[in-house]
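One structure is given below, encoded as structure tokens.
Residue numbers (my numbering), protein chains in the order written: chain A, 72 to 183; chain B, 2 to 112.
What follows is the structure, given as structure tokens:
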């Protein structure tokens, strides 16, 4: 089936550093979603992107919908310890479809 | 402000036993979903219900059945549990904004 390649798989960073992660695919997506999952909890929506080139921020988080519609990027500025968790991207293939493809996640660990 | 509520949070079954995972949402969303999450594999869609009265298979439907009981509730049933169904199960719903809202998950272990 279709896959989303999410990278990096994991990263250790120092508190205060900026973080970048991305998702790529050979398929074109209509919507990109970015989620964060804390241990023992369900994924929580961070940012939703609806059109190519869109750049959207949510506090220290910024995400972009790639121009080719095959990729998306998430940046976290000035990381803090509570940013620890797993970040997932998800893509919706076409309008009206109810199927979302999820990336395998980026596990972020912040060193104080 | 409950969002999506799943029960139970934890369950241990023996191979061959059956059980039902319950899910309810209070956001008046039309669509509901069941995903499973396994290490290193992200979230995979088991079944979904685009609207009340309809259900469709997702990526990994074998061994599962679903019921969309009404607009609020969507249950997932394992008729004869197998160790390969050990996983964390998430229910989600979506409305007009095309974003998924997830429950807190149900951790199932099949011995």
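Ideal placement from N, C-alpha and C gives every residue a C-beta, glycine not left out.
Cβ shell of residue i (< 6 Å), same chain only, five flanking positions each side left out
i	result
residue 114 of chain B	Residue 114 of chain B lies beyond the residue range present for chain B, which begins at 2 and ends at 112; the question has no answer from this structure.
residue 96 of chain B	30
residue 161 of chain A	104, 171 and 173
Endpoints, beta strand (DSSP E) assigned at residue i
i	result
residue 144 of chain A	142-147
residue 159 of chain A	156-163
residue 134 of chain A	132-136
residue 118 of chain A	115-120
residue 99 of chain A	Per DSSP, residue 99 of chain A belongs to no beta strand (DSSP E) and is neither H nor E.
residue 179 of chain A	177-182
residue 73 of chain B	That residue, residue 73 of chain B, is in no beta strand (DSSP E); it is neither H nor E in DSSP.
residue 95 of chain B	88-95
residue 74 of chain A	That residue, residue 74 of chain A, is in no beta strand (DSSP E); it is neither H nor E in DSSP.
Proximity test, Cβ basis, 8 Å: residue i and chain D
i	result
residue 137 of chain A	Looking at the structure shown, chain D is missing, and the protein chains on hand are A and B.
Of the residues the options, the one placed nearest residue i, counting alpha carbons only
i	options	result
residue 159 of chain A	A:170, A:121 and A:174	A:174
residue 13 of chain B	B:83, B:52 and B:55	B:83
residue 56 of chain B	B:76, B:81, B:106 and B:10	B:76
residue 26 of chain B	B:64, B:40, B:70 and B:41	B:70
Sequence-distant residues of the same chain with beta carbon closer than 7 Å to residue i, five excluded per side
i	result
residue 83 of chain A	180 and 182
residue 118 of chain A	105, 127, 129, 132 and 134
residue 59 of chain B	46, 47, 48 and 49
Own chain, CB closer than 8 Å to residue i, minus 5 neighbours either side, in chain order
i	result
residue 89 of chain A	146, 147, 148, 149 and 150
residue 32 of chain B	49, 50, 51, 52, 94, 95 and 96
Between the stretch 63-85 of chain B and chain A, which residues of the former have a C-beta closer than 9 Å to a C-beta of the latter? Shown here is that no member of the stretch 63-85 of chain B has a Cβ falling below 9 Å from a Cβ of chain A.
By the 9 Å beta-carbon criterion, what residues does the stretch 102-117 of chain A contribute toward chain B? Near chain B, meaning a CB-to-CB distance below 9 Å, the residues of the stretch 102-117 of chain A are 102, 104, 106, 108, 111, 112, 113, 114, 115 and 116.
Counting only runs that start and end within the stretch 17-69 of chain B, where is the beta strand (DSSP E) found for 3 or more residues in a row? You should have 20-26, 32-38, 44-50 and 66-69.
Members of the stretch 26-47 of chain B that neighbour chain A once the beta carbon cut-off is set at 9 Å: Taking 9 Å as the Cβ-Cβ cut-off against chain A, the residues of the stretch 26-47 of chain B that qualify are 32, 34, 36, 38, 41, 42, 43, 44, 45 and 46.
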